[in-house]
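In UniProt numbering, the protein residues as written are 1 to 132.
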């Protein structure tokens, strides 16, 4: 296989070991879209195989962390498997101008959707000019 093949690039980008200080567990970096609007941040993360109850999303010291274990839910003994599920883990530094206490999260069809609004002080506002 060529050194720049798709599978080799995906292995290097998507599945990485955690730092040794945390554990020897391997994790998958889920695909994420982050969109900033005037209202705040809109984040979507692809977490196939994860259960809503097991998803952990938190913000601490300006770092958004998404952590979710995933597992195969089919009954029976696997005979042949081409993909493996593991824990999803992703972190992002986000602006302090967001109001984390008003964040909302939804999970449907394997897609996590986060809405984190901007704090009122950070939202753009118009200042009226007075004529003297």
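Even for Gly, the Cβ is constructed at its ideal location relative to N, Cα and C.
* Following the continuous beta strand (DSSP E) through residue 87, name the residue where it begins and the one where it ends. => Start and end: 87-93.
* **C-beta contact flag for residue 118 and residue 93 at 8 Å** => No.
* Asked: Taking only beta-carbon atoms, is residue 70 less than 8 Å away from chain B?
  -> Among the protein chains of the structure shown there is no chain B, as only one such chain exists.
* Does the Cβ of residue 75 have 16 or more other Cβ atoms within 10 Å, making it buried, or fewer, making it exposed? -> It is exposed - the Cβ of residue 75 has fewer than 16 other Cβ atoms within 10 Å.
* Asked: Would DSSP call residue 127 helix, strand or coil?
  -> In the structure shown, residue 127 sits in coil (DSSP, three-state: anything other than H, G, I, E or B).
* **the stretch 84-92 contacting the stretch 21-40, beta-carbon criterion three pairs below 8 Å** => With contact defined as three or more Cβ pairs closer than 8 Å, the stretch 84-92 and the stretch 21-40 are in contact.
* Please state whether DSSP places residue 52 in a helix, a strand or coil. => Looking at residue 52 - three-state DSSP - the assignment turns out to be helix.
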